[in-house]
Structure formats: C-alpha cells, structure tokens
Amino acid sequence: MAKKHSFSYWQWRVIICSMIGYSMFYFVRKNFSFAMPALGQEYGITNTSFGVILSIVGLIYGVSKFVNGILADRTNARWHLAIGLGVCVVLNMLFGWSDKISTMVTGQTGGPDFVSAMVVVMAILLILNNIFQGCGFAPCNHLLANWIAPEELATKTAVWNTSHSIGAAAVSVVCGYIIVKTGDWRWCFWLPSAIAAVGVLFIILTLRDTPKSVGLPELENTHTELDDDDSPEAFKAFVKKKVFCNPIIWVLAVTDLFVYIVRFAVLDWGPTFLQNRTVPITPELAGWTIAIFEIAGCAGMLCAGWISDRFFGGKTHRMCAVEMFLVAICLLALHLLPATASPVAVLALLATAGFFLYGPQALLAVTATKQATKKAASSAVGLIGFMSYVSVIFTGAGLGWYSDHFGWDSLFILMAGVAVVGGVIVATLWNIRNDGYIHEQ
Numbered sequence: 251m252a253k254k255h256s257f258s259y260w261q262w263r264v265i266i267c268s269m270i271g272y273s274m275f276y277f278v279r280k281n282f283s284f285a286m287p288a289l290g291q292e293y294g295i296t297n298t299s300f301g302v303i304l305s306i307v308g309l310i311y312g313v314s315k316f317v318n319g320i321l322a323d324r325t326n327a328r329w330h331l332a333i334g335l336g337v338c339v340v341l342n343m344l345f346g347w348s349d350k351i352s353t354m355v356t357g358q359t360g361g362p363d364f365v366s367a368m369v370v371v372m373a374i375l376l377i378l379n380n381i382f383q384g385c386g387f388a389p390c391n392h393l394l395a396n397w398i399a400p401e402e403l404a405t406k407t408a409v410w411n412t413s414h415s416i417g418a419a420a421v422s423v424v425c426g427y428i429i430v431k432t433g434d435w436r437w438c439f440w441l442p443s444a445i446a447a448v449g450v451l452f453i454i455l456t457l458r459d460t461p462k463s464v465g466l467p468e469l470e471n472t473h474t475e476l477d478d479d480d481s482p483e484a485f486k487a488f489v490k491k492k493v494f495c496n497p498i499i500w501v502l503a504v505t506d507l508f509v510y511i512v513r514f515a516v517l518d519w520g521p522t523f524l525q526n527r528t529v530p531i532t533p534e535l536a537g538w539t540i541a542i543f544e545i546a547g548c549a550g551m552l553c554a555g556w557i558s559d560r561f562f563g564g565k566t567h568r569m570c571a572v573e574m575f576l577v578a579i580c581l582l583a584l585h586l587l588p589a590t591a592s593p594v595a596v597l598a599l600l601a602t603a604g605f606f607l608y609g610p611q612a613l614l615a616v617t618a619t620k621q622a623t624k625k626a627a628s629s630a631v632g633l634i635g636f637m638s639y640v641s642v643i644f645t646g647a648g649l650g651w652y653s654d655h656f657g658w659d660s661l662f663i664l665m666a667g668v669a670v671v672g673g674v675i676v677a678t679l680w681n682i683r684n685d686g687y688i689h690e691q
C-alpha cells in the first residue's frame, strides 16, 4: 500500500509539475505576437515581413518537434526540458536587445538598412528559439508515457493538455499588461524571460525521469522488446518498426494534419471571416472567437479523455473519429446559418466546434503513444507534431489564395469537408489493438 501511495504521489507530481514547466515555454514563444504592433509602429516593419518570419518559424518548430521527439526517447526528460527552456530564456533576453544588435551591425539607429538588419536579427533569434521550443512537448510526452498506465492515459493526458491553454492565457495577460502600462516591446521579452528562468529551476527541482529513477517499479503490462535488449542498434530497429514503418502512426499523422487545418483555419481566419459577413460582427466580438474556441476546446479535451477511458475502453482513436464527424456537423451548421443570425449563435456554434475538435488534437497523440509504447512514444508524437505544422502551408498561403478567388462564403463548408476526410481516415483504425506492448497470452 505504501508503494502504491508513493507511486500515486510521484505520478501526480510529474503530471502537475510538467504542466507548469511546459506552460513556461509559452512565455518565451507566444510573446512575440504581442510585441509585433509596437515593433511595426516604432520601426515601420511591415506585416509582410512579420508574416514571412512567422511562416518560417512555424515550419522550423514542426521540424524541431520531430527531431526532439526522437531525442526524447533516449534522453533524461527533466534535463531535456530544462536545457531547452533555458536556451529559450537566453534567446528571448537577446531579443529584447535586437535593436542594439542591429545598431552594432549597421552602425545606425534608424533608416532602411537598420530596419532590414533588425528584421534579419529577429528572424535568426526566432528560428533559434523555435528550434529549442521543440524541447518542450517531446520530453513531457516521454514523462506521461512512463508514469501513466495505458488504460488511464487518455484521461490524465487530457488533464495535462490544459497546460497549452494555461500557458497561452498567462502570457497573454502578462504581455497585455506590459503593453498597456509601458508601451515598450522590449519588456514583452525581458519579463516573460525572467518568469521562464524561474521555471527552469522549478523543472530541475521537481521533475524526475522515470519511476525507476525514484526507486519505484515500472508500470505493469508495458513490456517491450527493448526491455530485453536496449542497445542503440535495437532501439533504431524498434523505432523503425513502431514508428516509421508503422501504418497506424502514419494514419494518425495524416489525420492530425486535417485536424490542424481546421483548427488553424478557424483561429487564423475566423475573425476576418466574421467581420466580412453580410451582417458583420464587430472586431471586438470577432476577437473573442479565439478565446471562446480555446476555452471550449480545453473543456472538450477533458471530456474526450474521460469518455475514451470510461466508455471506449481506452480506444482513443474511436473517440477521435466520432468527434471529427461532430466537428463537421458544427461547421456545416455555421455555413447554413443565415447571414442575419445573432452573433451569439455564431460564436456558440464555433465554441461547440472547438469543444469537439480539441479532443482529437489531444487524443491522437495518446493513440500514438500507446501504439509506439513508452520506449518510442516521443518519436511517434514528434512525427505527428511535424505533420500538424505542415498544415500552415494550407491554412496560410492556401486559404489566402482561396479567399481571394472564391471569397469567404464557403470557408466553413470547405472546413467541414476537411473534418469529414479526417474522420474517415482515422475511422480506418477502428478495430486496431489498443496498444503495442507485448502481453502474455
């Protein structure tokens, strides 16, 4: 009984402390968006320049998630997380001095050459930052796979996934306060960096890698081939079998691409669409779409995780298929909604779509973790994470081109079709085994 209590204590300590640690990554990643208006106003940096930078760093982040996923399966998660966050802290501190760095390079404090140099400096710092941002989710997924049994992974991972919203909300409040009170974009980097620096110490002091590292037994019923031979050669063969040559993982990755196309389409273009309706919604109310979508999504993740374990026997891929079809119904309803409909009705439908969409966003990674096992979970989720950020090609330039040629009227029917395709793809996994572990017959 004592050991059970001890394991439960450590399990929840790892879950909660890794949530806090991961939320710190948002302080040194999402702060740039709040600094952009002030940077543009002070230095005349165009939105086109910002857009190019954001597109590049988005793809870089996707690649980094993939690379760090593979690394996380063979590294100590505590130190992987702490080092990655520590480097991001340093880079963000430097970002606050990017104007001084540009002056050192050009010898000027203004003018076209200075602005061009500053754009390059910011781009380099953001690229480096997003390379190390990939050190966030991968080691956390490694921790979850090693501390949570497969049969309860959906529920507890859904709880952990709220760290995304917690981090995004917290940095929004901090940076919003900075801009209002100081108007100085530099503090959007310096203050969040200071907070994240405390987070580095917190990670080092509170997290531990595996149950074995604190003298506890490993999870039951999680035996793999690597328990008998953990050599580098065996690991490479294992990852190849469980991830890169595993059709289940590829189906999950392609499904996640469709999930993120819908998600980014609503988040990136939703406010613009709403303000261009026949009866437009005010910019203030349209801005609430992101907040409502995220809040509803957070609640949806928790419900989806609990329902998956309680009613689907932990078969999270089945829940994903059901929810993708429900997302499509919500988006179809938005398309069919009269132009004179109340803004409240529009936002309510968007919230419902977010509620259903964020379930698959969280649970596809859970399915991949169980199929790849705790020994290759981060590699699998890294591949899926990379595919999710390939979506920016479609939601950025793709939807921009689409709107210019066909207008916004068919945005939601197009996204409903995307959701249906994603649901059909993941539904092909309906009868797969629940996990990839070796079980005694």
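At position 225 of the sequence shown (counting the first as 1) the number is 475 in this note's numbering, and the numbers step up by one without a gap. We put the beta carbon where it would ideally sit given N, CA and C, even for glycine. Keep in mind that this is a model prediction, so the values were computed, not measured.
L394 (DSSP reduced to helix, strand or coil): helix
Whole-Å CB distance - R328 paired with D459, under 8 Å assumed: 6 Å
Residue span of the alpha helix (DSSP H) that contains D349, given as start and end: S348 to T356
Between the CA atoms of F452 and A503 - distance to the nearest angstrom: 33 Å
P461 and E470 closer than 8 Å at C-beta: no
Selection from N496, V370, I511 and L378 that minimises the alpha carbon distance to G667: I511
Alpha-carbon to alpha-carbon, T296 and I499: 40 Å
Nearest to V674 (by Cα), restricted to the options A578, F514 and G294: A578
Inter-residue Cα distance where the pair is V596 and L649: 21 Å
Start-end ranges of the beta strand (DSSP E) lying completely within the region 656-687, minimum 3 residues: none
Alpha carbon of H689 to alpha carbon of T474, nearest angstrom: 9 Å
Cα-Cα separation, T472 to A627: 12 Å
Alpha carbon of M368 to alpha carbon of I374, nearest angstrom: 10 Å
Residues of its chain near T678, where Cβ-Cβ distance is below 8 Å and the 5 sequence neighbours each way are ignored: V501
Contact set for A252: own chain, Cβ-Cβ below 8 Å, skip 5 residues either direction: Legend: pLDDT at A252 = 48, less than 50; position of this residue unreliable, no value from coordinates given.
R568: first and last residue of the uninterrupted alpha helix (DSSP H) it sits in: T566 to L586
L457 versus S481, P389 and Q611, residue with shortest Cα-Cα distance: P389
The region 306-324 touching the region 633-652, judged by at least three CB pairs closer than 8 Å: yes
Whole beta strand (DSSP E) elements within the region 362-407, 3-residue minimum: none
Cβ-based neighbour list, I454, same chain, cut-off 6 Å, excluding 5 preceding and 5 following: A332
For W397 and V264, believed in contact at Cβ under 8 Å, the rounded distance: 5 Å
Where the alpha helix (DSSP H) containing V317 begins and where it ends: N297 to A322
Buried or exposed (CB count within 10 angstroms, at least 16 for buried), G336: buried
CB contact flag (Y276, G417, <8 Å): yes
Whole-angstrom distance between Q621 and L507, CA atom to CA atom: 19 Å
Own chain residues within Cβ distance below 7 Å of K406, not counting five before or after: I265 and I398
CB-CB length for A693 against M269, believed under 8 Å: Because the chain spans 251 through 691 in this model, residue 693 falls outside it and cannot be assessed.
R513 classed as buried or exposed, judged by whether at least 16 other C-beta atoms fall within 10 angstroms: buried
Whole alpha helix (DSSP H) elements within the region 586-649, 4-residue minimum: 593-622 and 627-643
Chain B contact for H655 (CB, 8 Å cutoff): Here chain B cannot be found, since the structure has a single protein chain.
Continuous alpha helix (DSSP H) stretch holding T456: start and end: W437 to T456
Cα-Cα separation, A591 to L661: 17 Å
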